[in-house]
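Below: the structure, in structure tokens.
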Amino acid sequence: MSADEKCKIYVLTYSLYGHVNTLAAEIKTGIEEAGCEAVMVRCPETLPADILEKMHAPPKDESIPEVDVKDLVNADGILFGFPTRFGTLPTQMKSVLDATGGLWQSGGLVGKPAGVFISTATQGGGQETSALTFLTQLAHHGMMFVPIGYSSPLLFNNDEVHGGSPYGAGTLAGGDGSRMPSDLEKGVAKHQGSFFAGTCKALKAGRAASA
Ligand SMILES: Cc1cc2nc3c(=O)[nH]c(=O)nc-3n(C[C@H](O)[C@H](O)[C@H](O)COP(=O)(O)O)c2cc1C
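Offset between the sequence shown (1-based) and this note's numbering: plus 4.
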């Protein structure tokens, strides 16, 4: 594969308090270390300003542009990162996906690899259900879910509390949001970036070879 065919991997996130953004930064490093380009984009906020204020939400990270769904067709793979809401994806991510009807109609995302990474407050709060319930979105677009399985030995660590699962990287924010991603969780996130990039590269090379 020549340099001008570098894989372009979109990392589409929603993060209210920054936990998902912290994981996304590690994922970006992993993608880049694997020789791919990471395109960082975020979901537009849907909550009104007065509610955000009551939730003590910090300002958005303006260094990450809002996603233009039409651009997703240019992705060689998409990683979706979000905080759980009652065990499933937040409205902000669903709103973006609900705006992909045109892409669905044209088959614009068919065959593209996809992965997820998740932030929950607690261990039983939705690390796995949030990923699992997200799969309907991918199935309807014909995307290929790329789980990480236990490809990182970090996931076998039972000596410390941590997020992350075979479905993807994850962190536990704590009930009051005060816990930030641990080194172990960041390690899994970086691994997911490289691992996912490897899959995207292999698929792209395979398509180029059979064209
Ligand atoms: C409306 C709402 C619902 C939530 N539901 C859950 C939940 O079901 N399980 C859980 O562990 N955390 C839940 N949380 C906590 C968030 O997942 C937590 O704030 C988030 O993981 C932090 O990530 P962020 O800093 O990237 O926004 C909820 C938070 C809100 C505001």
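All C-beta atoms in this analysis are idealised placements derived from N, C-alpha and C, irrespective of residue type, glycine included. Keep in mind it's a predicted model, so treat the numbers as computed, not measured.
For Ser198, the enclosing alpha helix (DSSP H) starts and ends at 187-214. Sixteen is the threshold: since fewer than 16 other Cβ atoms of the shown chains lie within 10 Å of the Cβ of His144, the residue is exposed. Of Gly111, Glu41, Leu20, the smallest CA-CA separation from Ala53 is found for Leu20. For His23, the shortest separation between its Cβ and any heavy atom of ligand 1 lies below 7 angstroms. Non-local C-beta neighbours of Phe138 in its own chain, meaning closer than 6 angstroms and more than five positions away in sequence, comprise Leu93, Val120, ordered along the chain. In the three-state reduction of the DSSP assignment, Met148 falls in the strand class.
In the structure shown, the three-state DSSP call for Pro94 is coil.
For Thr124, the Cβ falls inside the 7 angstroms cut-off from some heavy atom of ligand 1.
DSSP places Leu83 in the uninterrupted beta strand (DSSP E) bounded by 81-87.
In terms of Cβ geometry, Val192 and Leu159 form a close pair [threshold 8 angstroms]. For Pro157, the secondary structure class from DSSP, reduced to helix, strand or coil, is helix.
In the three-state DSSP reduction, Ala103 falls in the coil class, being neither helix nor strand.
Taking one beta carbon from each stretch, the stretch 11-28 and the stretch 40-50 have 3 or more pairs nearer than 8 angstroms; the two touch. Residue burial is scored here from C-beta neighbours: Gly172 has at least 16 other C-beta atoms within 10 angstroms and is therefore classed as buried. Rounded to the nearest whole angstrom, the CA to CA distance from Phe199 to Ile152 is 7 angstroms.
Around the CB of Lys74, fewer than 16 other CB atoms lie within 10 Å, so the residue is classed as exposed.
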